[in-house]
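Quick notes on the structure that follows.
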Amino acid sequence: MKTLLERIVQLRNPRFRFSPALANGLILAFGWQQVRALVRSSGLLLRGRLPKGMVRGRGVQFFNLRQIQWGRFLKLGDHVYCSAIATDGIRLGNQVSIGAFSRLVVSTTLDNPGLYIRIGDRVGIGEFAYLGGAGGLTIGDDCIVGQYFSCHPENHLFGDLNVPIRLQGVERKPIIIGINCWIGSKVTVLGGVTIGDGCVVAAGAVVTQSFPANSLIGGVPAKLLRTRAEATKTRQASLSLACSE
Numbered sequence: 066m067k068t069l070l071e072r073i074v075q076l077r078n079p080r081f082r083f084s085p086a087l088a089n090g091l092i093l094a095f096g097w098q099q100v101r102a103l104v105r106s107s108g109l110l111l112r113g114r115l116p117k118g119m120v121r122g123r124g125v126q127f128f129n130l131r132q133i134q135w136g137r138f139l140k141l142g143d144h145v146y147c148s149a150i151a152t153d154g155i156r157l158g159n160q161v162s163i164g165a166f167s168r169l170v171v172s173t174t175l176d177n178p179g180l181y182i183r184i185g186d187r188v189g190i191g192e193f194a195y196l197g198g199a200g201g202l203t204i205g206d207d208c209i210v211g212q213y214f215s216c217h218p219e220n221h222l223f224g225d226l227n228v229p230i231r232l233q234g235v236e237r238k239p240i241i242i243g244i245n246c247w248i249g250s251k252v253t254v255l256g257g258v259t260i261g262d263g264c265v266v267a268a269g270a271v272v273t274q275s276f277p278a279n280s281l282i283g284g285v286p287a288k289l290l291r292t293r294a295e296a297t298k299t300r301q302a303s304l305s306l307a308c309s310e
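What follows is the structure, given as structure tokens:
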């Protein structure tokens with residue numbers, strides 16, 4: 066049974082192996098949880114859609130399902146909500162994982178639909194994320210993202226002092242996150258930002274400007290701390306000094 070479960074999980078994550086420290090009872094409980102999630106996903110067949118190996122948590126909801134596309138082995142945690150009031154919908158790649166209580170909302174208004182949310186292959190996003198797509202949101206392949214991540218490609222206008230802010234309209238600008246990025250917990254990204262390939266964003270950062278590939282980013286507002294190449298050189302120098310002492 067353990068070997069069978071391991072092979073099933075490896076369809077999503079080829080490198081997966083159960084730790085030998087785990088009790089068999091825990092592994093069986095995990096297996097039963099996955100079976101129930103697969104059964105929930107089979108309900109999509111009644112709505113004319115193929116689950117494609119989706120692992121669907123409890124309370125997952127889709128709004129405007131015809132505008133939502135997904136690849137193989139999508140994993141949605143408990144109470145994930147996907148709303149595609151959009152011109153180009155929501156597209157999720159292969160082996161994507163979205164944590165529990167996360168919300169993917171392209172827009173919230175029927176009089177001005179948003180653009181899209183596009184998430185590449187093998188992307189993992191932690192619990193309680195909020196991904197807006199009104200101005201367009203793209204997250205590249207192989208990104209890993211911590212809990213409470215939020216993206217807002219739409220901002221309210223507020224320049225007119227004589228008109229309530231809620232009546233002044235919005236400005237929409239796309240957010241683009243490159244491939245192979247690591248984004249820490251509680252990071253916020255605002256409209257118009259491009260985060261280059263291979264960037265690392267420190268926990269709690271508020272990203273209001275764009276950064277080139279392989280940047281280490283942190284702070285409020287976020288700034289360039291150093292590059293990954295510089296960080297590697299510093300670490301190697303520290304190791305060399307420690308070995309020489």
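Once you know that position 137 of the sequence shown is 202 in the numbering used here, the rest is easy, because the numbers rise by one and skip nothing.
By construction, the Cβ of each residue, glycine as well, lies at the ideal position given by its N, Cα and C atoms.
Would you check if the distance between the CB atom of G122 and the CB atom of A149 is smaller than 8 Å?
-> Reading the sequence shown from its first residue, position 57 is the one you call residue 122. Reading the sequence shown from its first residue, position 84 is the one you call residue 149. In this structure, A149 does not lie closer than 8 Å to G122 by Cβ.
Apply the 10 Å Cβ neighbour rule to K117 and answer buried if 16 or more other Cβ atoms are within range, or exposed otherwise.
-> As a working note, residue 117 is residue 52 in the sequence shown. Flag for K117 reads exposed.
Taking just the CA atoms, how far does E71 sit from R82?
-> Within the sequence shown, numbered from 1, the residue matching residue 82 stands at position 17. Within the sequence shown, numbered from 1, the residue matching residue 71 stands at position 6. Cα to Cα, the separation comes out at about 6 Å.
Hey, could you find the ends of the alpha helix (DSSP H) Q372 is sitting in?
-> In the structure as shown, the chain starts at 66 and stops at 310, and residue 372 therefore has no counterpart that could be examined.
Using a Cβ-Cβ cut-off of 6 Å (strictly less than) and excluding sequence neighbours within five positions of S162, which residues of its own chain qualify?
-> Residue mapping note: residue 162 aligns to position 97 of the sequence shown, counting from 1. So the qualifying residues of the chain are K140, G189.
For Q132, the three-state DSSP class (helix, strand or coil) = Taking the sequence shown and counting its residues from 1, one reaches residue 132 at position 67. It is helical.
For S106, is the classification buried or exposed, using 16 other Cβ atoms within 10 angstroms of its Cβ as the cut-off for buried?
-> As a position in the sequence shown, residue 106 is number 41, starting the count at 1. Label assigned to S106: buried.
Residues of its chain near G325, where Cβ-Cβ distance is below 6 Å and the 5 sequence neighbours each way are ignored = Nothing in the structure corresponds to residue 325, since the chain is present only between 66 and 310.
For A267, collect the residues of the same chain with a Cβ closer than 6 Å to its Cβ; drop the 5 residues on either side in sequence, then sort them by chain order.
-> Stepping through the sequence shown from its first residue, residue 267 is reached at position 202. Cβ neighbours of A267 beyond the five flanking positions: G249, G283.
Taking one C-beta from the segment 240-258 and one from the segment 190-204 each time, how about it: are there three or more such pairs within less than 8 Å?
-> yes
State the Cα-Cα distance for the pair L255 and D186, rounded to the nearest angstrom.
-> Taking the first residue of the sequence shown as position 1, residue 255 is located at position 190. Taking the first residue of the sequence shown as position 1, residue 186 is located at position 121. So the two alpha carbons sit approximately 23 Å from each other.
Cα-Cα separation between A296 and S280, rounded to whole angstroms | Reading the sequence shown from its first residue, position 231 is the one you call residue 296. Reading the sequence shown from its first residue, position 215 is the one you call residue 280. The straight-line gap from Cα to Cα measures roughly 10 Å.
Check each candidate in A194, N129, R137, G124 and name the one with the smallest Cα separation from R77.
-> On the sequence shown, residue 77 is found 12 positions in, with the first residue counted as 1. That would be R137, whose Cα lies nearest to the Cα of R77.
Let me know the beta strand (DSSP E) ranges lying completely inside the segment 196-225, each 3 residues or longer, listed in chain order.
-> 202-204, 215-217, 219-221
If you follow the alpha helix (DSSP H) that K67 is part of, which residue opens it and which one closes it?
-> Here residue 67 is taken as the residue at index 2 of the sequence shown, counted from 1. Here the alpha helix (DSSP H) through K67 covers 67-74.
Would DSSP call R112 helix, strand or coil?
-> As a position in the sequence shown, residue 112 is number 47, starting the count at 1. Helix at R112.
For C171 versus L180, is the C-beta distance shorter than 8 Å?
-> Taking the first residue of the sequence shown as position 1, residue 171 is located at position 106. Taking the first residue of the sequence shown as position 1, residue 180 is located at position 115. Per the sequence shown, residue 171 should be read as Val rather than Cys. Their beta carbons are under 8 Å apart, which means V171 touches L180 by this criterion.
In three-state DSSP terms, what is K140?
-> On the sequence shown, position 75 is the one that residue 140 refers to. The answer is strand: DSSP assigns K140 an E or B state.
Grab me the residues of A86's own chain with a C-beta within less than 7 Å of its C-beta, minus the 5 sequence neighbours each way, in chain order.
-> Here residue 86 is taken as the residue at index 21 of the sequence shown, counted from 1. None.
Who does C147 pair with in a DSSP beta bridge?
-> The sequence position of residue 147 within the sequence shown is 82, counting from 1. C147 pairs with F127, L169.
Where the beta strand (DSSP E) containing S280 begins and where it ends = Sequence index remark: in the sequence shown, residue 280 carries index 215 (1-based). Looking at the DSSP string, the run of the beta strand (DSSP E) that includes S280 is 280-283.
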